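Engineer:
Numbering (my numbering), first residue to last: 482 to 860.
See the structure below:
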């Protein structure tokens, strides 16, 4: 007489009850959060309760019928819920959001779910392509670092990343060259989610807002998130203090004060500021702030300059061109395509959908100009 093990007995009972044995609750959670759906909203579109959905996300097993209902409501194939590439959870405490308190929790969860899929897709790509090694840039700070210390850390980081004196040619490409993955958030993410970064996975991630249609702002955002990755390893994210630290780091990283100061006017001079903007890739607003912070301008001049910029509206005068775009993932997938490995192959290897793979690759690819639709020239 033979006796079944307890685990086999449970599996046999699940099969008898129609339970889906091969089910990953983390994937259900990701699919739901990407749709910005609360569990109650998802339950309303299925035959189960919100409490049941919570149990499924924590490791419970739905029946095949319920799994099909969940897949239909979330717009994914039922195969997406099966065990595949493991997902690394990224919590709010693992991410430095630029706009933590101004962003609804459901929108943050949506962006974090995108980051979780991105990390898994990157791992799949790395099975086929050697991506750049991660450069050691960590230099944690205490609770109250001085501006002088932050400037020193920014200078050290420039040195570690091989930046020559003068402007940083391309901040996003620089991050990618040193193993940091940069992505643009897709348009379906709530636009109230600004740039953020995380080190929860095997590679640091910097996620940039697609709404920053300005080169200077995209450069500053990338440098700001780099500041978090360098200085804020074990710091609770979200406080105004650490955001100020990251701002100070970005300013000094993009344009060290000793190098920038000779290019700044001693009084409000917009022609001189436009020249500095073009050279350093920094906004006029940021340059005006530096003039005041360095002590070249008094309070009255700084206030008058800001009033003038507000009257000009957005975008600022002196456009620098389109925002900086990521490149690395797009280039990696191009190499795979040349070698005969397609996104369909990546999808099968990871059990993600082709659309999800394409979304991540597009987020990590250079934006390219598109032809406008033909316009009828006749009146």
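C-beta atoms are modelled at their ideal positions from N, C-alpha and C, and glycine is treated no differently.
Quantities reported herein were computed from a predicted structural model and do not represent experimental measurements.
(1) For the structure I just gave you, are there three or more beta carbon pairs, one from the stretch 665-685 and one from the stretch 570-577, closer than 8 Å?
(2) Terminal residues of the continuous beta strand (DSSP E) containing residue 662?
(3) State whether the stretch 516-523 contacts the stretch 597-610, with contact taken as three or more CB pairs (one from each stretch) at a distance under 8 Å.
(4) Quick one: grab the DSSP three-state call for residue 649.
(5) Are at least three pairs of beta-carbons, each pair with one atom in the stretch 728-742 and one in the stretch 695-705, less than 8 Å apart?
(6) Excluding the five sequence neighbours on either side, which residues of its own chain have a C-beta within less than 8 Å of the C-beta of residue 615, listed in chain order?
(7) Starting from the Cα of residue 700, find the closest Cα among 688, 653 and 690 and give me that residue.
(8) For a quick check, are the C-beta atoms of residue 664 and residue 688 less than 8 Å apart?
(9) Specify the secondary structure class of residue 687 as computed by DSSP and reduced to three states.
(10) Does the pairing of the stretch 828-837 with the stretch 780-788 give three or more beta-carbon distances under 8 Å?
(11) Could you tell me the alpha carbon to alpha carbon distance between residue 558 and residue 736, rounded to whole angstroms?
(12) With respect to the beta strand (DSSP E) encompassing residue 577, which residues constitute its N-terminal and C-terminal limits?
(13) Near residue 773, which residues of its chain fall below 7 Å by C-beta distance, leaving aside the five closest residues on each side in sequence?
(14) What residues in its chain sit with their C-beta under 8 Å from that of residue 726, if we drop five residues either side in the sequence?
(15) Give me the Cβ distance between residue 824 and residue 840, rounded to the nearest whole Å; I'm assuming they're in contact under 8 Å.
(16) Any chance you could list the beta strand (DSSP E) runs of at least 3 consecutive residues sitting entirely within the stretch 547-631, in chain order?
Structural biologist: Put simply:
(1) yes
(2) 662-665
(3) no
(4) coil
(5) yes
(6) 659, 660, 661, 684 and 685
(7) 653
(8) yes
(9) strand
(10) no
(11) 49 Å
(12) 576-578
(13) 783
(14) 622, 626, 631, 708, 712 and 713
(15) With 8 Å as the limit, residue 824 and residue 840 do not qualify as a contact, their Cβ atoms being about 11 Å apart.
(16) 576-578
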